[in-house]
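Have a look at the structure below, then the notes.
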Amino acid sequence: MKKLLLLLAVIPLFLTAQEKYTINGYVKDAANGEALIGATVLIKELGTGNITNVYGFYSITLPAGDYTVEYRYIGFVTQTRTLSLSENTRIDIELSEEETQLQEVVVTARPEDENVTSTEMSVAEIDIQTVRKMPAILGEVDIIKSLQLLPGVSTVGEGASGFNVRGGSVGQNLILLDEAPVYNSSHLLGFFSVFNPDAVKDLKLYKGAIPAQYGGRLASILDIRMKEGNNKEAEVNGGIGTIFSRLAIEAPIVREKSSFIIAGRRSYADILARPFVQELRDGAALNFYDLTLKTNYQFSDKDQIFLSGYFGKDNFMFDADQGFSWGNRTTTFRWNHLFNDRLFSNFTVFFSDYEYELAFGDNPRDRFEWNSDINTLTFKPSFTYFIDQRNELTFGGEIFKYGFEPARARGISDGDVIDISVPDKQAIESAVYINNDQKLNDKLSVQYGLRFSYFNLLGDGNKFILGDTIPGRRRPIEDVIEVDKGQSIASHHGWEPRLSFRYQLNKTTSVKASYNRMLQYIHLISNTTAANPLDVWTPSSNNLKPQIGQQWAMGLFKNLRNNDYETSVELYYRKTDRQLEYINGADLLINEALESDLLAGEGRAYGMELYVKKNSGRLNGWVSYTLGRTELQTEGINRGDWYPTRFDQTHNLKITGFYELNERWSLSSTFSYISGAPTTFPTSRYEVQGITIPHNANDSRNNVRLPDYHRLDFSATRKGRAVRRDGTPRKNRDELVFTIYNIYNRANPFSIYFWQGEDRVDPGALADTRATQVSIFASFIPSITYNFKF
44 MKKLLLLLAV
54 IPLFLTAQEK
64 YTINGYVKDA
74 ANGEALIGAT
84 VLIKELGTGN
94 ITNVYGFYSI
104 TLPAGDYTVE
114 YRYIGFVTQT
124 RTLSLSENTR
134 IDIELSEEET
144 QLQEVVVTAR
154 PEDENVTSTE
164 MSVAEIDIQT
174 VRKMPAILGE
184 VDIIKSLQLL
194 PGVSTVGEGA
204 SGFNVRGGSV
214 GQNLILLDEA
224 PVYNSSHLLG
234 FFSVFNPDAV
244 KDLKLYKGAI
254 PAQYGGRLAS
264 ILDIRMKEGN
274 NKEAEVNGGI
284 GTIFSRLAIE
294 APIVREKSSF
304 IIAGRRSYAD
314 ILARPFVQEL
324 RDGAALNFYD
334 LTLKTNYQFS
344 DKDQIFLSGY
354 FGKDNFMFDA
364 DQGFSWGNRT
374 TTFRWNHLFN
384 DRLFSNFTVF
394 FSDYEYELAF
404 GDNPRDRFEW
414 NSDINTLTFK
424 PSFTYFIDQR
434 NELTFGGEIF
444 KYGFEPARAR
454 GISDGDVIDI
464 SVPDKQAIES
474 AVYINNDQKL
484 NDKLSVQYGL
494 RFSYFNLLGD
504 GNKFILGDTI
514 PGRRRPIEDV
524 IEVDKGQSIA
534 SHHGWEPRLS
544 FRYQLNKTTS
554 VKASYNRMLQ
564 YIHLISNTTA
574 ANPLDVWTPS
584 SNNLKPQIGQ
594 QWAMGLFKNL
604 RNNDYETSVE
614 LYYRKTDRQL
624 EYINGADLLI
634 NEALESDLLA
644 GEGRAYGMEL
654 YVKKNSGRLN
664 GWVSYTLGRT
674 ELQTEGINRG
684 DWYPTRFDQT
694 HNLKITGFYE
704 LNERWSLSST
714 FSYISGAPTT
724 FPTSRYEVQG
734 ITIPHNANDS
744 RNNVRLPDYH
754 RLDFSATRKG
764 RAVRRDGTPR
774 KNRDELVFTI
784 YNIYNRANPF
794 SIYFWQGEDR
804 VDPGALADTR
814 ATQVSIFASF
824 IPSITYNFKF
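Quick note, in the numbering used here, the sequence shown goes up one by one and the last residue is 833.
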């Protein structure tokens with residue numbers, strides 16, 4: 044395997060024997076200096092080129108000669124440069140937005156044919172401007188909810204935290220904000236995400252074909268990049284909505300060299316209701332807030348630094364002493380350095396922390412308190428070597444230091460304090476990787492890479508030796524070994540190969556296929572219907588092995604009518620080893636021997652994704668459809684037979700449309716249809732002295748499906764006037780957004796539970812039992828939002 048790693052690094056270097064010259068530089072937005080990610084740099088004479096990376100940097104190496112270089116970005120004016128290449132040349136470009144006519148509105152910022160010509164597949168992207176147009180609950184656009192309108196992405200229901208990708212669980216998604224992991228992405232128990240759209244520049248979701256520089260989760264990688272801030276002039280934008288308000292300020296510090304952005308949000312339902320609700324006047328709280336910050340400084344043509352952070356919290360307090368809260372904190376420092384015309388580097392240090400607290404009891408002598416935390420400190424050096432116009436080599440490494448605080452808990456009874464805390468845990472995870480994106484010829488391109496990861500759980504702490512038992516039962520503890528601080532409790536490692544290729548059938552059609560293997564060393568422990576803020580993260584150990592995921596995918600990609608229409612069909616198959624499951628009656632909270640209640644199952648997910656998108660015109664949008672199946676097989680559960688997971692959805696249809704009425708009015712609408720989610724119902728019951736006891740006679744898991752889910756939303760946007768009454772341009776911009784969520788009052792089921800009536804049961808008579816459906820939103824919800832920019 045070491046020889047293979049060396050071969051990956053050496054093979055492309057044979058192509059550099061001929062002396063060549065390099066053109067490189069940055070492509071940025073002329074209006075605000077923001078780097079344009081994925082801008083196309085095309086060498087017209089060769090019909091080939093490159094695209095800018097996440098920092099807007101490009102590098103192309105060519106033989107000496109005369110060339111015409113085009114710089115393209117959808118929605119921006121194309122710039123052309125001619126040059127006689129006889130030495131290495133630096134060309135920085137700023138592109139200006141084009142004045143589009145109404146019939147030329149577009150819903151993408153990617154190159155027109157990138158979906159066909161790129162080696163990438165199984166990638167979901169939405170331009171942030173498109174996200175802003177979508178109808179959303181209470182009028183507030185949301186990145187996570189927008190991604191769920193794309194194929195292969197789903198959720199178990201309204202109000203559920205997180206999202207599911209191609210049959211993966213919520214805990215199998217890695218969410219990055221400026222490279223720092225976010226362990227809980229939800230505000231208000233899942234109704235909104237923690238990402239402020241005013242501060243987001245770019246987002247990309249990898250559902251498969253995951254490059255080697257990413258690791259740590261099995262199902263997907265969501266990579267979110269924040270704005271740098273306007274380095275040309277001061278800019279303020281925000282909005283006043285039904286549930287919360289937003290404000291973002293960005294401005295140059297040193298014009299065209301340094302800038303900053305500060306964006307904040309705060310909900311105020313509790314403030315508005317406080318005069319009318321006594322509990323809110325007594326200290327209760329129902330709110331969330333977040334603050335996103337970023338600054339940068341370019342101190343030379345080869346060096347630029349970035350510092351960004353996120354701070355957010357949710358508060359659900361029943362009074363001044365009881366309730367729960369949770370929040371994320373991240374800080375990221377990055378240094379971009381250009382070693383030479385071809386070697387681009389980025390050094391990152393970040394800290395991420397997720398914490399939640401729970402407290403019950405308004406009497407200090409009778410009270411329960413619980414605090415939990417997971418934090419990560421990481422160093423990541425990464426390098427990109429632009430070998431030539433056909434080879435782009437990426438390599439680097441990363442090292443994580445984890446701190447797990449499962450539970451600092453205490454109960455107070457009549458003044459006596461009982462400490463029931465679970466000891467903290469420490470772990471180290473490290474990885475090295477190499478990846479090459481290679482164009483073999485005009486038709487065939489390939490991306491191949493290899494990642495090696497290593498995980499070590501450290502003391503001080505207890506190492507539990509578990510015995511065998513009947514499958515599906517709690518494993519007994521046979522021995523407990525004390526491990527000193529810094530000593531290894533358990534270690535794991537593995538190779539993670541990645542491979543994908545694209546074959547161009549013709550100018551508008553390509554076939555792609557991919558394979559990736561992933562290891563996941565930390566696990567989200569959640570046995571609820573949907574992930575919630577009180578779920579616990581725990582590391583792999585001597586008993587809890589890392590999860591291993593493999594995915595195969597292939598697809599056909601075709602554009603129609605001069606790239607006005609994108610179409611694709613992808614087939615995928617995912618296999619998961621050691622996927623987490625739980626014994627019946629598992630004790631998951633405040634349990635030092637948690638591993639004894641966990642099971643390792645085999646998972647599989649397979650399906651087909653269809654996608655049709657219209658990119659331009661007054662009417663545009665897309666249709667996505669996923670046909671899929673997600674199943675588990677766990678010894679001791681469901682008699683050892685395969686059973687559907689809670690997030691298995693056979694059919695998932697999403698339709699999204701936008702229509703420009705005129706220069707001031709635009710409409711948008713989304714429709715969703717999803718097969719009912721699996722759930723477990725009793726198959727029989729006992730009657731004991733008039734009390735009904737439900738019973739699952741077959742020990743089945745997820746044996747019934749809830750009714751299907753469907754919903755229609757609508758939004759209308761009225762823009763403010765672009766010119767004053769005297770005909771002069773108006774610098775400020777504003778708009779009103781009118782939204783109706785769930786237009787036809789569909790009471791979609793979130794869950795169904797059974798209960799028995801309170802009336803006394805006569806001897807010999809059957810008890811009155813009923814099934815009750817829980818719906819998060821059972822009627823339509825209108826809202827209005829005012830957005831502004833100046």
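Backbone N, C-alpha and C fix where the C-beta goes; we use that ideal spot for every residue, glycine too.
Worksheet item: Is Ile180 helix, strand or coil by DSSP?
Response: Taking the first residue of the sequence shown as position 1, residue 180 is located at position 137. Of the three classes helix, strand and coil, the one that applies to Ile180 here is helix, per DSSP.
Worksheet item: Is Asn708 near Arg761, with beta carbons less than 8 Å apart?
Response: For the purposes of this step, residue 708 is taken as the residue at position 665 of the sequence shown. For the purposes of this step, residue 761 is taken as the residue at position 718 of the sequence shown. What sits at residue 708 in the sequence shown is Trp, not Asn. A contact, by the Cβ cut-off of 8 Å.
Item to complete: Spatial neighbours of Pro194 within its chain, please: CB distance less than 6 Å, with the 5 preceding and 5 following residues excluded, ordered by chain position.
Response: For this step, residue 194 is matched to residue 151 along the sequence shown. Glu652, Tyr654, Ser667 and Thr669.
Item to complete: Take Val817 and list the residues in its own chain whose beta-carbon comes closer than 6 Å to its own, dropping the five residues that flank it on each side.
Response: One-based indexing of the sequence shown puts residue 817 at position 774. Taken in chain order, the residues that qualify are Phe793 and Ser794.
Worksheet item: Going by DSSP, which residues form a beta bridge with Gly866?
Response: Any property of residue 866 remains undetermined from this structure, which presents the chain solely from 44 to 833.
Item to complete: Entirely within the stretch 98-145 and at least 3 residues each: give me those beta strand (DSSP E) ranges in chain order.
Response: The DSSP assignment places 100-105, 108-115, 122-128 and 136-138 as complete runs of the beta strand (DSSP E) inside the stretch 98-145, in order along the chain (cut-off: 3 residues).
Worksheet item: Does the separation of the CB atoms of Asn358 and Asn330 fall below 8 Å?
Response: Along the sequence shown, one-based indexing puts residue 358 at 315. Along the sequence shown, one-based indexing puts residue 330 at 287. Against a cut-off of 8 Å, the Cβ pair of Asn330 and Asn358 comes out as a contact.
Item to complete: Can you give me the Cβ contacts of Phe823 inside the same chain, cut-off strictly under 8 Å, excluding the 5 residues immediately before and after it?
Response: As a position in the sequence shown, residue 823 is number 780, starting the count at 1. Ile783, Tyr784, Asn785, Ile786, Tyr787 and Asn788, listed in sequence order.
Worksheet item: Whose CA, out of Glu525, Tyr564, His380 and Ile520, lies closest to the CA of Ala470?
Response: Numbered from its first residue, the sequence shown carries residue 470 at position 427. Checked all of Glu525, Tyr564, His380 and Ile520; the closest Cα to Ala470 is Tyr564.
Practice prompt. Given a cut-off of 8 Å, decide if Tyr476 and Gly440 are closer than it, judged by their beta-carbon atoms.
Written response: In the sequence shown, the residue the question calls residue 440 occupies position 397. In the sequence shown, the residue the question calls residue 476 occupies position 433. Between Gly440 and Tyr476, the gap from beta carbon to beta carbon is short of 8 Å.
Worksheet item: Looking only at its own chain, which residues have a Cβ that is under 6 Å from the Cβ of Ala223, when we skip the five neighbours before and after it?
Response: Mapped onto the sequence shown, residue 223 falls at position 180. Excluding residues within five positions, the ones whose Cβ falls inside 6 Å are Thr373, Thr375, Phe393 and Ser395.
Discussion item. Taking the beta carbon of Gly282 as the centre, do at least 16 other beta carbons fall within 10 Å, making it buried, or is it exposed?
Written reply: The residue given as residue 282 occupies position 239 in the sequence shown. With 16 or more Cβ atoms within 10 Å of its Cβ, Gly282 is classed as buried.
Discussion item. Could you give the first and the last residue of the continuous beta strand (DSSP E) run that contains Leu587?
Written reply: Residue numbering aside, residue 587 sits at position 544 when the sequence shown is read from its first letter. Run containing Leu587: none; DSSP gives neither H nor E here.
Worksheet item: Would you call the stretch 301-318 and the stretch 245-265 in contact, with 3 or more CB pairs under 8 Å?
Response: no
Item to complete: For Lys656, collect the residues of the same chain with a Cβ closer than 6 Å to its Cβ; drop the 5 residues on either side in sequence, then sort them by chain order.
Response: As a first step, residue 656 must be located in the sequence shown, where it is residue number 613. Closer than 6 Å at Cβ, skipping near neighbours: Glu609 and Trp665.
Item to complete: Using the DSSP secondary-structure output, state which residues sit across from Val523 in a beta bridge.
Response: Residue numbering aside, residue 523 sits at position 480 when the sequence shown is read from its first letter. Note: Val523 sits in a beta bridge opposite Phe507.
Worksheet item: Can you name the start and end residues of the beta strand (DSSP E) that Val159 belongs to?
Response: Residue numbering aside, residue 159 sits at position 116 when the sequence shown is read from its first letter. Run containing Val159: none in the beta strand (DSSP E); it sits in the alpha helix (DSSP H), Glu157 to Thr160.
Item to complete: Give the straight-line distance between the Cα atoms of Thr65 and Phe426, rounded to the nearest whole angstrom.
Response: In the sequence shown, the residue the question calls residue 65 occupies position 22. In the sequence shown, the residue the question calls residue 426 occupies position 383. Rounded to whole angstroms, Thr65 to Phe426 spans 17 Å at the Cα level.
Discussion item. If you reduce the DSSP assignment to three classes, tell me which class Ala152 lands in.
Written reply: Position 109 of the sequence shown, counted from the first residue, corresponds to residue 152. For Ala152, the predicted structure reports a pLDDT of 46, less than 50, and the residue's modelled location is therefore unreliable. The matter cannot be settled from this model.
Discussion item. Measuring straight from C-alpha to C-alpha, what distance separates Lys444 and Ser659?
Written reply: Here residue 444 is taken as the residue at index 401 of the sequence shown, counted from 1. Here residue 659 is taken as the residue at index 616 of the sequence shown, counted from 1. Using only the alpha carbons, I get a separation of about 47 Å.
Worksheet item: Is Ala821 helix, strand or coil by DSSP?
Response: Here residue 821 refers to the residue found at position 778 of the sequence shown. In this structure, Ala821 counts as coil in the three-state DSSP scheme.
Fill in: Unbroken stretches of the beta strand (DSSP E), 3 residues or longer, contained in the stretch 163-225
166-168 and 216-220
Worksheet item: If we ignore side chains and look at the alpha-carbon of each, how far apart do Phe390 and Met269 end up?
Response: By 1-based counting over the sequence shown, the position of residue 390 is 347. By 1-based counting over the sequence shown, the position of residue 269 is 226. Each residue's alpha carbon lies about 17 Å from the other.
Discussion item. Let me check one thing: in DSSP terms, what residues is Thr699 bridge-paired to?
Written reply: Reading the sequence shown from its first residue, position 656 is the one you call residue 699. For Thr699, which the question treats as bridged, DSSP gives the partners Trp665 and Thr713.
Fill in: Arg298 (DSSP reduced to helix, strand or coil)
Taking the sequence shown and counting its residues from 1, the one referred to as residue 298 is at position 255. Coil at Arg298, not helix or strand.
Discussion item. Quick check on this structure: which residue in Gly683, Thr722 and Leu493 has the alpha carbon closest to the alpha carbon of Leu542?
Written reply: Reading the sequence shown from its first residue, position 499 is the one you call residue 542. Minimum Cα distance to Leu542 is reached at Leu493.
Discussion item. Let me see if you follow: with CB-CB separation under 8 Å, is Gln799 close to chain C or not?
Written reply: The structure shown has no chain C; it contains just one protein chain.
Worksheet item: What do you reckon, are the CB atoms on Gln215 and Arg289 nearer than 8 Å?
Response: Locating residue 215 in the sequence shown gives position 172, counting from the first residue. Locating residue 289 in the sequence shown gives position 246, counting from the first residue. No, they are not a contact pair.
Item to complete: Using a threshold of 8 Å, state whether the C-beta atoms of Gly510 and Asn627 are closer than that.
Response: Position 467 of the sequence shown holds residue 510. Position 584 of the sequence shown holds residue 627. Going by C-beta atoms, Gly510 is not nearer than 8 Å to Asn627.
Practice prompt. Give the straight-line distance between the Cα atoms of Ile187 and Ser236, rounded to the nearest whole angstrom.
Written response: Here residue 187 refers to the residue found at position 144 of the sequence shown. Here residue 236 refers to the residue found at position 193 of the sequence shown. In a straight line, the C-alpha of Ile187 is about 6 Å away from that of Ser236.
Worksheet item: If we ignore side chains and look at the alpha-carbon of each, how far apart do Val148 and Leu386 end up?
Response: Your numbering for residue 148 matches position 105 in the sequence shown. Your numbering for residue 386 matches position 343 in the sequence shown. With a pLDDT of only 49 at Val148, under the threshold of 50, the placement of this residue in the model should not be trusted; the figure read from the coordinates follows. Rounded to whole angstroms, Val148 to Leu386 spans 37 Å at the Cα level.
Worksheet item: If you draw a straight line from the C-alpha of Gly644 to the C-alpha of Lys528, how long is it?
Response: Residue 644 sits at position 601 when you count from the first residue of the sequence shown. Residue 528 sits at position 485 when you count from the first residue of the sequence shown. Computed Cα separation, rounded: 32 Å.
Worksheet entry | Cβ-Cβ distance between Val208 and Ala277 below 8 Å | In the sequence shown, counting from the first residue as 1, residue 208 sits at position 165. In the sequence shown, counting from the first residue as 1, residue 277 sits at position 234. Contact flag unset, no.
Item to complete: State the start and end residues of the unbroken beta strand (DSSP E) segment that holds Phe422.
Response: Locating residue 422 in the sequence shown gives position 379, counting from the first residue. Following the DSSP letters along the chain, one finds Phe422 inside the beta strand (DSSP E) bounded by residues Asp409 to Asp431.
Item to complete: Ignore the nearest five residues each way along the sequence and tell me which others in Lys176's own chain have a CB closer than 6 Å to its CB.
Response: Here residue 176 refers to the residue found at position 133 when the sequence shown is read from its first residue. So the list reads Phe701 and Ser711, once near-sequence residues are dropped.
Discussion item. Here's a check: name, in chain order, each residue in its chain whose Cβ is nearer than 7 Å to the Cβ of Leu48, leaving out the five neighbours to either side.
Written reply: Indexing the sequence shown from 1 puts residue 48 at position 5. With a pLDDT of only 48 at Leu48, under the threshold of 50, the placement of this residue in the model should not be trusted; the figure read from the coordinates follows. Ile477 and Leu493.
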